[in-house]
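Data block below; observations after.
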Amino acid sequence: MARPLLWLALLCASLTFTACAGIRLELVHVDARANRTLAERVRRATERTHRRLALGEVTAPVHWVETQYIAEYLIGDPPQRAEAIIDTGSNLIWTQCDGCRPAGGCFAQNLSLYDPSRSRTAQPVACNGTACALGSETQCTRDRSACAVLTAYGAGAVAGVLGTEVFTFGSQNASLVFGCVTASRLTPGSLDGASGIIGLGRGALSLVSQLGDTKFSYCLTPYFSDAVKTSRLFVGASAGLSSSAQATSVPFVKNPSDDLFGTFYFLPLAGITVGKAKLDIPAAAFDLRQVAPGKWAGTLIDSGSPFTSLVGVAYQALRAELVRQLGASLVQPPARSLDLCVAQGDAGKLVPPLVLHFGSGGSASSDVVVPPENYWAPVDDTTACMVVFSSARPNSTLPINETTIIGNYMQQNMHLLYDLGNGVLSFQPADCSSM
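In mature numbering (1 follows the signal peptide of the UniProt record, and there is no 0), the protein residues as written are -20 to -1, 1 to 415.
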């Protein structure tokens, strides 16, 4: 496990939070800046999805984070540029700091490292500071001289010290607690050049919790489009749905008390329909349940996972029904990581939509329609393939192999509002490029 290589000098500082009228962030997909082919984009997204499903044992709390959408912001006074992955599956806000070197496992990033010594507003958090007790990601150093940050992800781990700093998102400023990372052991390329992560989970150290807001929303543009279109993240007063389109609202499932699993946004998925065929899947396969001491499985929605993964019994039922419906239209997959494929020109005409049924009532108000383009993708010039995978892969272990994850590809052109105050997630079809 990576350990901090550099401890900042401890200064007396008080913790303050600045409320924002509302934050609006532009998000850019990690592949939008590079001239990559369709095959390369699918391969990269598939690899990220499979890394997320190959989660092994670690000694620190693990968050299932992978890279997809990047936000730009400013940190400090005078401001320094930074970029971060937006992730609903973790809490901590962090960025690599000056002193982070390749010898310590630190990764290359697009922008210069943040240097706290150049900022008038940078302050470390004391070991006995309030913020040092806000989450499992923090702990006192052995000599109690500073508040350490140590957190692990499916792609590795990061370490450093906890501090406070002024963050600027567009025209809004906020004083936030964040991790100043000085050592990491992340899989090369995991963050695609970003400086760090902005966690949007349920924990006290997440952006939403620190701002004292009870809602946030985002709208993700299709990332296999050739055009570079910006997605949007809204936090606080700026988060809301359009009054001109119908929305489907789903209650969140109450989280378990275990610290790690209290981070995620679990949903009451009850079943799936393919076209007009309701799949024969036990509803309990999607339920939140304890699968081992301290480990929980269920259905969660995640902005950091590229493609959707279904618990094994659900994937097999989906695959069998699509084979039945598509029949002779199926073609040989162009890559071993892919399963069901058709000629690209046939995908829009032959592939049926999915319907996700939430709750036990089965009413239309709890159904979310997933169009074919949100679970099938063009993988080369001639072929389109299903990009839903089984969570029961050979290298996956508990609890991930029993977990269903609704990834961000399935969320494209859907405005999602996380209303934490009312415990509801709302889905609204939208043209995200026009927001």
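All residues carry an ideal CB built from backbone N, CA and C; glycine is no exception.
Proximity to PHE196 [Cα-Cα], best of SER413, PHE204, ASN402, VAL293
ASN402
Assigned secondary structure, PHE407 (DSSP; H/G/I helix, E/B strand, else coil):
strand
My guess is that GLY242 and GLN305 are in contact by the Cβ rule of under 8 Å, so how many angstroms apart are they, rounded?
Their Cβ separation, rounded to whole angstroms, is 40 Å, which puts GLY242 and GLN305 out of contact at 8 Å.
Identify whether SER189 lies in helix, strand or coil by the three-state DSSP scheme.
helix
By the DSSP assignment, the beta strand (DSSP E) with GLN296 in it spans what residues?
Element bounds for GLN296: not the beta strand (DSSP E) but the alpha helix (DSSP H), 292 to 306.
As assigned by DSSP and simplified to three states, the class of GLN392:
strand
Best match in ASP239, ASN393, ALA64 for proximity to LEU5 [C-alpha to C-alpha]
ALA64
Unbroken alpha helix (DSSP H) runs of length 4 or more, entirely within the stretch 201 to 230: which are they?
none
Determine the closest residue to ALA357 out of TYR398, TYR295, PHE287, with distance taken between C-alpha atoms.
PHE287
What is the rounded straight-line gap between the Cα of LEU310 and the Cα of CYS321?
6 Å
What residue does the alpha helix (DSSP H) around GLY328 start on, and which one ends it?
324 to 330
Rounded separation between ALA333 and GLU382 - CA only:
Going by the sequence as given, residue 333 is Pro instead of Ala. Cα to Cα, the separation comes out at about 24 Å.
Considering only the beta carbon of each residue, do ILE73 and TYR49 sit closer than 8 Å?
no
If you check the beta carbons only, do ASN90 and GLY173 fall under 8 Å apart?
yes
Rounded to a whole number of angstroms, what is the C-alpha to C-alpha distance between ASP78 and CYS160?
9 Å
What is the rounded straight-line gap between the Cα of VAL146 and the Cα of VAL271?
41 Å
According to DSSP, simplified to helix, strand and coil, what is ASN381?
helix
Hey, VAL335 and PRO352 are a contact pair by Cβ (cut 8 Å); roughly how many whole angstroms apart?
With a Cβ gap of about 12 Å, VAL335 and PRO352 do not count as contacting.
Quick one: is ASN388 buried, meaning 16 or more other Cβ sit within 10 Å of its Cβ, or exposed?
buried
Inter-residue spacing [alpha-carbon to alpha-carbon] between GLU52 and THR148:
10 Å
Beta-bridge partners of GLY143, as assigned by DSSP
PRO104, PHE158
For GLU52, which residues does DSSP report across the bridge?
GLU63
Return yes when the Cβ of CYS365 is within less than 8 Å of the Cβ of ASN393, no when it is not.
no
Residues near PRO313 by beta carbon distance below 7 Å, same chain, minus five either side
ASP319, CYS321, CYS365
Note down, in chain order, each residue of its chain lying with its Cβ closer than 6 Å to the Cβ of VAL42, except the 5 sequence neighbours on either side.
Per-residue confidence for VAL42 stands at a pLDDT of 31, beneath the threshold of 50, marking its modelled position as unreliable; the derived number appears in the next sentence. So the qualifying residues of the chain are ALA132.
Using 8 Å as the Cβ pair cut-off and three pairs as the minimum, do the stretch 365 to 375 and the stretch 262 to 271 touch?
no
State the beta-bridge partners of GLY251 as determined by DSSP.
HIS337
Considering Cα atoms alone, identify which of THR201, SER151, VAL230, ALA126 is closest to VAL141.
ALA126
Nearest residue (CA-CA) to VAL359, options ILE385, VAL188, THR384, SER317:
SER317
When you compare each of ASN153, GLN324, PHE204 to GLU20 by their alpha carbons, which one comes out closest?
PHE204
Rounded to whole angstroms, what's the CA-CA distance from SER97 to ALA128? Just pull it up for me.
18 Å
Close-in-space but distant-in-sequence residues of the same chain around residue 429 (CB under 6 Å, 5 per side omitted):
Nothing in the structure corresponds to residue 429, since the chain is present only between -20 and 415.
Taking PRO202 as the reference, give the member of ALA184, ALA111, VAL8, ILE3 with the closest Cα.
VAL8
Work out the CA separation of ASP239 and SER116 for me, nearest whole Å.
7 Å
Three-way DSSP call (helix, strand, coil) for ALA315 in this model:
coil
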